[in-house]
DNA sequence: AACTAACAAATTGTATGCATTTTATTGTCG
DNA sequence: CGACAATAAAATGCATACAATTTGTTAGTT
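Protein chains in written order, with this note's numbering: chain A, 35 to 272; chain B, 35 to 272.
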């Protein structure tokens with residue numbers, strides 16, 4: 035038999051300790067459903083009966099409904115009164131709004147990052163930047179996109195603000211589907227423009243020019259917004 | 035059944051479907067619980083058994099648990115694995131982070147507002163500003179605070195971004211308790227400083243200087259943050 | 001007397017069942 | 001032949017019931 039280790043439990047007596055509870059069984063369902071939606075496995079506006087999702091996930095309706103409520107709060111699904119849940123369709127307007135919010139959050143992240151970022155962190159971002167530049171030169175869109183995401187993520191992390199990071203990830207999830215396809219369909223000139231913008235981002239970051247960086251990041255995202263909305267309009271002629 | 039006035043803050047998760055009545059019974063519970071927590075009727079970290087809340091709200095556990103999941107997603111409560119829900123305690127760090135995010139969101143709102151705001155809307159905000167100035171001169175803290183909130187809200191609305199507004203209201207709810215008391219405890223010199231900041235806000239808004247307004251609003255909220263954290267430190271000596 | 005271990009009560013997590021509302025089908029009328 | 005209405009099927013919303021985990025209490029041992 036496995037003996038208990040009493041001293042172990044006694045040593046962990048901290049009250050306000052973040053990152054203690056996470057391996058919850060219920061969160062797994064939520065994550066799976068979220069991923070399933072974010073990855074676009076359910077078409078917009080499709081009515082999905084609860085039973086169907088239940089047997090797909092191998093669970094009962096109760097935890098599923100709890101997860102759906104959360105996803106509705108996150109804005110991923112729509113909960114109509116007595117008519118069930120649908121994947122929330124993203125209108126042009128929605129997409130534009132979400133990109134602007136992302137721009138605001140990234141701008142904030144950049145501003146905050148400038149307050150406390152270390153030389154090592156900047157060096158790391160520089161390294162990613164040049165790696166991304168390599169993908170750009172080789173016209174490797176996939177690699178470029180991956181590094182691009184990573185750089186933005188690093189900036190958000192450098193802000194040292196968990197609430198900001200959480201909100202950022204939530205909004206990022208909502209535009210994920212469109213974001214991918216929009217980037218891949220991006221025009222050549224826009225790509226070069228984006229690359230130049232990234233150079234100014236890095237420059238402002240090096241100088242710890244928070245306010246300036248905030249502006250640049252917002253504008254950067256605004257340009258992405260324009261490209262994304264154009265792409266949506268082209269692929270989904272409403 | 036008694037008709038309920040749909041709360042503004044509750045619109046976070048609600049589907050805005052045109053031409054559809056949404057007197058959902060479940061949203062009422064969510065709103066009531068949220069208000070009950072935001073207004074500080076439950077002390078931080080208190081473990082509240084579900085049954086107790088059930089009979090308090092006169093419902094069963096199922097809809098209550100769904101509401102708790104949503105509130106957890108909003109960051110108002112903490113859901114520990116098999117140990118139930120607690121009101122999420124706000125540490126100094128949490129408070130500082132939340133204020134910074136609010137600053138970022140308000141800065142974004144100001145920036146966006148400058149793009150499309152009408153003269154009539156600016157005139158309305160000017161009116162509120164001078165009304166607030168009156169309260170300031172009469173040292174009417176309550177009136178000042180009310181108008182202050184209203185002005186910030188008007189700027190957010192002028193951004194014409196529903197996603198931003200929703201996120202803003204959500205974050206505002208999380209710091210509401212502290213925000214009230216912090217404002218009332220505000221030092222005199224800080225009050226005057228805040229009033230001057232509001233004048234620069236109005237000035238930048240009149241000139242539609244988006245980037246500038248963004249900076250000012252962030253700094254304004256940063257100053258509020260400092261006051262709020264000081265207040266929390268004074269009232270809750272950790 | 002203090003600490004540990006086992007037991008008991010309570011609480012949470014999940015599943016199932018019933019009432020209400022919505023959606024699909026079918027039969028009738030214009 | 002098409003549209004409407006009544007009925008049937010299905011899905012949602014809520015409540016209750018059961019299983020698993022946690023917490024509080026008590027007895028035993030060193």
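All C-beta atoms in this analysis are idealised placements derived from N, C-alpha and C, irrespective of residue type, glycine included.
query, result
"Helix, strand or coil at residue 124/A according to DSSP, with G and I counted as helix", "coil"
"Those residues which DSSP pairs with residue 111/B across a bridge", "121/B"
"Residue ranges of each alpha helix (DSSP H) within the region 117-180 of chain B, 4 or longer", "126-150, 153-171"
"Ranges of the beta strand (DSSP E) found wholly within the region 207-265 of chain A, counting only runs of at least 3", "none"
"Short CB-CB distance (under 8 angstroms) between residue 191/B and chain A", "no"
"is_contact[residue 237/B, chain A] using C-beta, thresh 8 angstroms", "no"
"Residue from 114/B, 159/B, 268/B with nearest C-alpha to residue 273/A", "Here chain A covers residues 35 to 272 and nothing more, so residue 273/A does not appear."
"Cut-off 6 angstroms between Cβ atoms - residues of its own chain near residue 165/B, not counting five sequence neighbours on either side", "181"
"Beta carbon of residue 201/B nearer than 8 angstroms to that of residue 135/A", "yes"
"Closest residue to residue 118/A among 234/A, 102/A, 109/A (Cα-Cα distance)", "102/A"
"Simplified DSSP state of residue 81/B, which is helix, strand or coil", "strand"
"Test item: CB-CB of residue 79/A and residue 121/A under 8 angstroms", "yes"
"Proximal chain A residues relative to residue 231/B, where beta-carbon distance stays under 7 angstroms", "Per Cβ cutoff of 7 angstroms: no residues; residue 231/B is ~16 angstroms from chain A at best."
"Own chain, CB closer than 7 angstroms to residue 74/A, minus 5 neighbours either side, in chain order", "211"
"Proximal residues of chain B, C-beta to C-beta of residue 201/A below 7 angstroms", "135, 201"
"CB contact below 8 angstroms: residue 83/A versus chain B", "no"
"Anticipated Cβ contact below 8 angstroms, residue 208/B with residue 109/B, distance rounded", "6 angstroms"
"Proximity test, Cβ basis, 8 angstroms: residue 197/A and chain B", "yes"
"Residue-chain proximity (residue 243/B, chain A), Cβ-Cβ < 8 angstroms", "no"
"Residue from 262/B, 256/B, 242/B, 170/B with nearest C-alpha to residue 147/B", "242/B"
"Proximal residues to residue 87/B (C-beta, below 7 angstroms), its chain only, five neighbours per side dropped", "98"
"Cut-off 7 angstroms between Cβ atoms - residues of its own chain near residue 246/B, not counting five sequence neighbours on either side", "238"
"Local conformation of residue 58/A per DSSP, three classes", "coil"
"Residue 254/B vs residue 231/B beta-carbon contact at 8 angstroms", "yes"
"Backbone secondary structure at residue 185/A - three-state DSSP", "helix"
"Which of helix, strand or coil DSSP assigns to residue 316/A", "Residue 316/A is absent from the structure shown; chain A starts at 35 and stops at 272."
"Residue 93/A - DSSP class collapsed to helix/strand/coil", "coil"
"Partner residues on chain B for residue 248/A, Cβ-Cβ distance less than 9 angstroms", "138, 141, 245, 248, 249, 252"
"Within chain B, partners of residue 125/A - CB distance below 7 angstroms", "None at all; the shortest Cβ gap to chain B is about 11 angstroms."
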